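K.L.:
Protein chains in written order, with our numbering: chain A, 501 to 812; chain B, 891 to 1315.
Here it is, written out as structure tokens:
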């Protein structure tokens, strides 16, 4: 009787049980997971969500710097569409992102495959590979600026040595060469990111699969095509997604090297938005140019996510 | 470490943080400190002189501390935007070119100080008013022009028989052809820099009679026979006298090309001679400077205006104004100009024959150019719309496209479409 009464007394005193139930409530996975998520979510809301929403609001306003804004609906976007430079900028950004991403993807894969082999000083070489990615963009871009200056360029010196007339190509003065130059520099800078991430992916491929394929008589190419590539695919997609976002919104490289010149040949969405928003003080119009990056990126993200889910 | 000492440490830390948070507020409330924002000068002695000498002298005289804060070259507009948007960060700012017209609503009216300074210092140059008066009020106190002039190699010009800088654009073109043939091309910036591109292209346009907008600031007038003539000249000038690389140049490029002896003539500020004398004395000896050549409609120069404004939200705006009044009416001003040779050209007639012009006589054309200098967009008054045209490189790209081969009517049409989008929006 007394033994049974104890829990009954306990039930009659809910105050005593409360701490236990709070602990239990906190221990519930649905609560605990949200608790853990709260801080990052708060951060995201403050540092990404707020600027993003403010950006959208700005793009719908005529908002000169240091003045109160007036709501103008989609007028800024209409102005953009009538601006001949805007379309040039759009084409530039797509070409820059498309070509640079493709080069980084192919180059990065080759790099990862090479780094996955056994050779002497493998670890040092792997660490050194990361250098272009580690060096601050502004610094490495200044180094490129010297390398692309016709008077000091190692490339031009080489070409002149091979018989090209002086002073050699004008890498940043010729509109086409300027675009090629920024694509090459972006590829150089982004390659290690691809290379190292894909290398990590390569190392997770079980060696037994290669052994089995070899026993079945698969050639080197077939092992790559039917074993390596399918297993790497999810990683390639993720890296590509990140890379496209970074490249599409690239700013530093162009700002330091050409400032969008010559004649807007290397002007990208980010640099053009900066010129209009900060240079000309038209925050609303600048925001509208920057926001034009969103639809293309959103489509890409949705498409890649759907693709990954389907193949997953 | 014992828990007691940890607690002590915490106490000290909290007390220190509290004091640090309170101190600037207390200082500012008492009106004892003014923050003056400036872009880093190409002449390091100029910044050092304000920091070490002028600020100290002012504090000694009045008890008010002047904190002189420098920001890297090119970043000032962004800093000023941030400060006006957030309403804090500095009390006085240096203005470059069109800043007073973009931020006038957040700048104090300095008309009374400008009048006083003008009276005491021999009167303002006309272009000073063009650069600082917004809707009838002085929203900035003009400090100087950083003029853009012709920099030329006297030894190479002599090789083709020229000992005096050519007087007209056509004469300069003829000399340039000969010099390019001898391996000494010209190098004028046609890319997306901040100053060395606009610095010669607007004067070129004006000297042929062209302008982007009428004096009313609304009617776009770029499509004219005069503009076409200026563009045709620019095309042949670039193609027959310059390096192809000029099309992609930014502001550092012509300095680099000058010091590496790639070019025989460019358009730049006085810093090119200053750096050459300091770091490459042999090049310094054969570097000279001249006013821009004349075109069919006259001779013009670019006003790369530097001025100072007081933020209207500053809690010490009165003290800030008094500091500017003191700076602009005492000997401190002349001393500050002297610290930078004549990189900063005063806009007050009292300095027309100041000793600063005797230090380096080759800099005198910068003073003489002030009478024919204008802000871009002239003859229209400066405005936020003009700031858009400049930031979008409308005039620069119009010339640059023609230089790389595009047809004149085509480049004018594009520029006109852009300008109409800006001025008639």
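Using N, Cα and C, we set each Cβ at its ideal position, and we do this for glycine too. A quick note: this is a predicted structure, and the numbers were derived from the prediction, not measured.
Once DSSP output is grouped into helix, strand and coil, what is the label at residue 1027 of chain B?
P.N.:
The sequence position of residue 1027 of chain B within the second chain is 137, counting from 1. In this structure, residue 1027 of chain B counts as strand in the three-state DSSP scheme.
K.L.:
Are residue 1290 of chain B and residue 763 of chain A touching if we call contact CB-CB under 7 angstroms?
P.N.:
Mapped onto the second chain, residue 1290 of chain B falls at position 400. Mapped onto the first chain, residue 763 of chain A falls at position 263. Yes, Cβ-Cβ distance for residue 1290 of chain B and residue 763 of chain A is below 7 angstroms.
K.L.:
Can you confirm whether the segment 1281 to 1290 of chain B touches the segment 771 to 782 of chain A when touching is taken to mean that 3 or more C-beta pairs between the two stretches lie within less than 8 angstroms?
P.N.:
Yes, since at least three Cβ pairs between the segment 771 to 782 of chain A and the segment 1281 to 1290 of chain B fall closer than 8 angstroms, the two stretches touch.
K.L.:
Along the segment 1280 to 1312 of chain B, where does the CB come closer than 8 angstroms to a CB of chain A? Name the residues.
P.N.:
Here the close residues are 1280, 1281, 1282, 1283, 1287, 1290, 1291, 1294, 1304, 1307, 1308 and 1311.
K.L.:
Can you grab the Cα-Cα spacing for the pair residue 913 of chain B / residue 979 of chain B, in whole Å?
P.N.:
Stepping through the second chain from its first residue, residue 913 of chain B is reached at position 23. Stepping through the second chain from its first residue, residue 979 of chain B is reached at position 89. Here the model assigns residue 913 of chain B a pLDDT of 44, short of 50, so the residue's position is not dependable and the matter cannot be decided.
K.L.:
Should residue 1223 of chain B and residue 1198 of chain B be called a contact, given that it needs their Cβ atoms to be closer than 7 angstroms?
P.N.:
By one-based count along the second chain, residue 1223 of chain B stands at place 333. By one-based count along the second chain, residue 1198 of chain B stands at place 308. Against a cut-off of 7 angstroms, the Cβ pair of residue 1198 of chain B and residue 1223 of chain B comes out as no contact.
K.L.:
What number of angstroms, rounded off, separates the C-alpha of residue 1312 of chain B from the C-alpha of residue 1019 of chain B?
P.N.:
For the purposes of this step, residue 1312 of chain B is identified with residue 422 of the second chain, where counting begins at 1. For the purposes of this step, residue 1019 of chain B is identified with residue 129 of the second chain, where counting begins at 1. Going by the C-alpha atoms only, they are around 24 angstroms apart.
K.L.:
In its own chain, which residues sit with a C-beta less than 7 angstroms from the C-beta of residue 916 of chain B, not counting the 5 before and 5 after it?
P.N.:
The count along the second chain starts at 1 and reaches residue 916 of chain B at position 26. Residue placement at residue 916 of chain B is flagged as unreliable, the pLDDT there being 38, under the threshold of 50; a coordinate-derived value is accordingly withheld.
K.L.:
Taking the C-alpha atoms as reference points, what is the distance between residue 1247 of chain B and residue 1253 of chain B?
P.N.:
In the second chain, counting from the first residue as 1, residue 1247 of chain B sits at position 357. In the second chain, counting from the first residue as 1, residue 1253 of chain B sits at position 363. C-alpha separation (whole angstroms): 7 angstroms.
K.L.:
Identify the residues that DSSP records as bridge partners of residue 1014 of chain B: which are they?
P.N.:
Translated into positions along the second chain, residue 1014 of chain B becomes position 124. Answer by DSSP bridge pairing, in chain order: B:1238.
K.L.:
Can you tell me where the beta strand (DSSP E) with residue 1042 of chain B in it begins and where it stops?
P.N.:
Along the second chain, read from residue 1 onward, the residue named residue 1042 of chain B stands at position 152. 1039 to 1043 is the span of the beta strand (DSSP E), which, as asked, contains residue 1042 of chain B.
K.L.:
How would you list, in chain order, the residues of chain B whose beta-carbon sits under 8 angstroms from the beta-carbon of residue 584 of chain A?
P.N.:
To locate residue 584 of chain A, count along the first chain from 1; it is residue 84. In chain order: 1304, 1307 and 1308.
K.L.:
Can you find the residues in the same chain that come closer than 6 angstroms, C-beta to C-beta, to residue 1149 of chain B, ignoring five residues on each side of it along the sequence?
P.N.:
The residue given as residue 1149 of chain B occupies position 259 in the second chain. Within the same chain, residue 1149 of chain B has close Cβ partners 1170.
K.L.:
Could you tell me the boundaries of the alpha helix (DSSP H) in which residue 1087 of chain B lies?
P.N.:
Position 197 of the second chain holds residue 1087 of chain B. Neither: residue 1087 of chain B is in no alpha helix (DSSP H) and is coded neither H nor E.
K.L.:
Using CA atoms only, rank isn't needed, just tell me which of B:971, B:1016, B:1010 and B:1250 is closest to residue 997 of chain B.
P.N.:
Reading the second chain from its first residue, position 107 is the one you call residue 997 of chain B. Nearest of B:971, B:1016, B:1010 and B:1250 to residue 997 of chain B, Cα basis: B:971.
K.L.:
With distances taken Cα to Cα, identify the nearest neighbour of residue 1225 of chain B among B:1183, B:936 and B:1286.
P.N.:
Looking up residue 1225 of chain B in the second chain gives position 335. Closest by alpha carbon: B:936.
K.L.:
So, is residue 1056 of chain B buried or exposed, given that buried needs 16 or more other C-beta atoms within 10 angstroms?
P.N.:
Numbered from 1 along the second chain, position 166 holds the residue referred to as residue 1056 of chain B. By the 10 Å Cβ count, residue 1056 of chain B comes out buried.
K.L.:
Quickly, what does DSSP pair residue 682 of chain A with across the bridge? List them, please.
P.N.:
Mapped onto the first chain, residue 682 of chain A falls at position 182. BP columns for residue 682 of chain A are empty, so no partner.
K.L.:
Taking three-plus beta-carbon pairs below 8 angstroms as touching, is the segment 1006 to 1019 of chain B in contact with the segment 1126 to 1145 of chain B?
P.N.:
Output reads no: the segment 1126 to 1145 of chain B does not touch the segment 1006 to 1019 of chain B.
K.L.:
Using a Cβ-Cβ cut-off of 7 angstroms, state whether residue 621 of chain A counts as contacting chain B.
P.N.:
On the first chain, position 121 is the one that residue 621 of chain A refers to. For residue 621 of chain A, the answer is no, since every Cβ of chain B falls outside 7 angstroms of its Cβ.
K.L.:
If I follow the unbroken alpha helix (DSSP H) through residue 976 of chain B, where does it start and stop?
P.N.:
Taking the second chain and counting its residues from 1, the one referred to as residue 976 of chain B is at position 86. Element bounds for residue 976 of chain B: 966 to 976.
K.L.:
So, is the C-beta of residue 1314 of chain B closer than 7 angstroms to a C-beta in chain A?
P.N.:
By 1-based counting over the second chain, the position of residue 1314 of chain B is 424. No, no contact with chain A.
K.L.:
For residue 1235 of chain B, which residues in the same chain have their Cβ closer than 7 angstroms to its Cβ, ignoring the five residues on either side in sequence?
P.N.:
As a first step, residue 1235 of chain B must be located in the second chain, where it is residue number 345. 1034, 1035, 1037, 1256, 1257 and 1260.
K.L.:
Do three or more CB pairs link the segment 542 to 560 of chain A to the segment 753 to 773 of chain A at distances below 8 angstroms?
P.N.:
Verdict: no, contact absent.
K.L.:
Can you name, in chain order, every residue of its own chain whose Cβ lies under 6 angstroms from the Cβ of residue 705 of chain A, other than the five neighbours on each side?
P.N.:
In the first chain, residue 705 of chain A corresponds to position 205, counting from 1. Excluding positions up to five away in sequence, the list reads 731.
K.L.:
CA-CA distance, residue 615 of chain A and residue 738 of chain A?
P.N.:
The count along the first chain starts at 1 and reaches residue 615 of chain A at position 115. The count along the first chain starts at 1 and reaches residue 738 of chain A at position 238. Approximately 20 angstroms between the Cα atoms of the pair.
K.L.:
Along the chain, where does the alpha helix (DSSP H) containing residue 958 of chain B start, and where does it finish?
P.N.:
One-based indexing of the second chain puts residue 958 of chain B at position 68. Note, residue 958 of chain B: premise wrong, no alpha helix (DSSP H); beta strand (DSSP E) at 955 to 961.
K.L.:
At what residues does the beta strand (DSSP E) containing residue 788 of chain A begin and finish?
P.N.:
To locate residue 788 of chain A, count along the first chain from 1; it is residue 288. Careful: residue 788 of chain A lies outside any beta strand (DSSP E), inside the alpha helix (DSSP H) at 783 to 791.
K.L.:
Could you work out which residues of chain A lie near residue 1138 of chain B, taking near to mean beta carbons separated by less than 7 angstroms?
P.N.:
Counting from one through the second chain, the residue named residue 1138 of chain B turns up at place 248. Chain A residues near residue 1138 of chain B: 670, 672, 673, 678, 758, 761 and 762.
K.L.:
Helix, strand or coil, according to DSSP, for residue 923 of chain B in the structure here?
P.N.:
Taking the second chain and counting its residues from 1, one reaches residue 923 of chain B at position 33. In this structure, residue 923 of chain B counts as strand in the three-state DSSP scheme.
K.L.:
Note down the Cα distance separating residue 585 of chain A from residue 1287 of chain B, rounded to an integer number of angstroms.
P.N.:
Taking the first residue of the first chain as position 1, residue 585 of chain A is located at position 85. Taking the first residue of the second chain as position 1, residue 1287 of chain B is located at position 397. Spanning the two alpha carbons is a distance of roughly 11 angstroms.
K.L.:
Helix, strand or coil: how does DSSP classify residue 664 of chain A here?
P.N.:
Residue mapping note: residue 664 of chain A aligns to position 164 of the first chain, counting from 1. Residue state, collapsed to three classes: coil.
K.L.:
For residue 1062 of chain B, I'd like the list of residues in its chain whose CB is within less than 6 angstroms of its CB, leaving aside the five on either flank, ordered along the chain.
P.N.:
Stepping through the second chain from its first residue, residue 1062 of chain B is reached at position 172. For residue 1062 of chain B, where only same-chain residues beyond five positions count, the Cβ hits under 6 angstroms are 1056 and 1183.
K.L.:
What is the DSSP secondary structure of residue 1188 of chain B, reduced to helix, strand or coil?
P.N.:
Stepping through the second chain from its first residue, residue 1188 of chain B is reached at position 298. The answer is strand: DSSP assigns residue 1188 of chain B an E or B state.
K.L.:
Verify the CB distance criterion: does residue 932 of chain B have a CB-CB separation below 7 angstroms to chain A?
P.N.:
Within the second chain, residue 932 of chain B is the residue found at index 42, counting from 1. Not one chain A Cβ lies under 7 angstroms of residue 932 of chain B.
K.L.:
So, for residue 1145 of chain B: in the same chain, excluding its five sequence neighbours on each side, which residues have a beta-carbon less than 8 angstroms away from its beta-carbon?
P.N.:
Numbered from its first residue, the second chain carries residue 1145 of chain B at position 255. Result list for residue 1145 of chain B: 1158, 1161, 1162 and 1165, in chain order.
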